[in-house]
Structures are given as C-alpha cells and as structure tokens.
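Take 7 as the starting number for the sequence shown in my numbering and just add one per residue.
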Amino acid sequence: MSQDFASPTQAPPGWGRFAGITALYALLGPLVGAVGAVGLLVLIAVVTDLGAGQENTVSALLGPGFLVTLAAGLPLAYSFGLVSSIAVGLAVALRDRWRGGISWRAALGTALALWALMSALAGLMIPGGSFLTWLVMLLAAHVLAAMICNWLAQRLFSDRVPA
C-alpha cells in the first residue's frame, strides 16, 4: 500500500535577498564593466603600438595608462552603466524569486539585450569611425559585468553552504 505524501512547498526567497542581488549588480556592475572596457581599450592601444614598432610606449600604456583611463571612465561607467546594471540585477532577482536560483541565462540574456539597446543608442551619437570600438567595448562591459556579478551573487546568495 502506497501513501501519497504532499511535497513540501518551498517558500520563495525573501525580499532582502531580492534587494541584495539587485544592489550587488547596481554597485559592482558599472565598476566591473569599466575595468573590462578600459582593459579592452588598453589592449587595442598596446597592439596598435606594437604593430607600429613603438615598443617603448607599451609600458606606459599598461600601468599608468590603464589607471588614468579607468579613473576618468568611472563617472561615465556609473552614469551610463547604472541603468543596465540595475536592469540585469532586477532580471536575475526576479528570476530567483519566481523560480529559485540565480540564473546565468537571465543575467547574460538581459545583458546582451541591453548591449543591443545601448549599441543602437551609441550608433546615433558616435561618429562612424569609432563606432566599432564602442560596439566591442560595450559588449565587453556588459558581458563581463554580468558574468562577474552573477558569479558573486551565486556565492553570496546560494542556499547551499560550500563544503
């Protein structure tokens, strides 16, 4: 004789977890995106200088060039990237609240959709010669920020305790 046991219903994650996930993306997303975008710009500059035979300028680009460009770019990263970061954080937190679990698909899918939107807006404002650089830079910023923030969110807000 078999007995049917009602499966225990799992309560959805609390609103504190929802706010924490969104805040993590909002606070760290623009910073991580700026590091990715500036890193890509420095890489382009280094490869260009190496290709032109100017090896003596590479060391100036790697350390001080990266830091100065990052410091100058952080206000732009937070002013333009904050909306995208909050949107990705909200998408991940909503998915976590409805289905449970912090989803890579929600993070990367939302980041790529917002990259397409930001690229379309950049296409209206950026001159044609530098548009491709902006396109790749925005892609690096959105994808890297989504990946790092999602990785951190999974570690900070996981239901499982690591062994």
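Think of the CB as a built atom: it goes at the ideal place given N, C-alpha and C, for glycine as much as any other residue.
Predicted model only: the values in this text are computed from it and were never measured.
Could you spell out where the alpha helix (DSSP H) holding residue i opens and where it closes?
i    : result
F163 : Counting along the chain, F163 falls outside any alpha helix (DSSP H), and DSSP gives it neither H nor E.
S91  : 72–105
L68  : Element bounds for L68: n/a, residue is neither H nor E.
G39  : 21–57
S136 : First-last for S136: undefined, no H or E at that position.
S125 : 110–131
Looking only at its own chain, which residues have a Cβ that is under 6 angstroms from the Cβ of residue i, when we skip the five neighbours before and after it?
i   : result
S90 : L120
Taking the alpha-carbon of residue i as reference, which of the options has the nearest alpha-carbon?
i    : options               : result
A97  : A113, S164, H148, L33 : A113
M124 : V149, G71, A51        : V149
A93  : G22, G20, Y31         : Y31
Y84  : L162, A151, L158, D55 : A151
P36  : F24, L145, G22, A126  : L145
L127 : V52, A78, F24, F86    : F86
A43  : A77, N62, R23, F24    : A77
Would you kindly work out how many angstroms separate the C-alpha atoms of residue i and residue j, rounded to a whole number?
i    : j    : result
L80  : A99  : 25 angstroms
L82  : T28  : 20 angstroms
C155 : G26  : 12 angstroms
G107 : R101 : 8 angstroms
P14  : R105 : Low confidence applies here, because P14 scores a pLDDT of 48, under 50, leaving its location unreliable; read the following figure in that light. About 15 angstroms.
R111 : L73  : 32 angstroms
T4   : L68  : Since the displayed the chain opens at 7 and closes at 169, residue 4 lies outside it and no answer follows.
V52  : R103 : 44 angstroms
R23  : F163 : 7 angstroms
L34  : S109 : 18 angstroms
G20  : W157 : 20 angstroms
P133 : G95  : 31 angstroms
L130 : M153 : 28 angstroms
Q160 : A58  : 44 angstroms
A147 : T116 : 13 angstroms
D10  : L118 : Reliability of the predicted coordinates at D10 is poor, the pLDDT of 46 falling under 50, and no value is obtained from them.
A122 : V38  : 19 angstroms
Excluding the 5 residues preceding and the 5 following residue i in the sequence, name in chain order all residues of the same chain whose CB lies nearer than 8 angstroms to its CB.
i   : result
V41 : L76, L150
E61 : D55
Segment contact flag, the segment 135–145 with the segment 36–52, C-beta cutoff 8 angstroms, min 3 pairs: With contact defined as three or more Cβ pairs closer than 8 angstroms, the segment 135–145 and the segment 36–52 are in contact.
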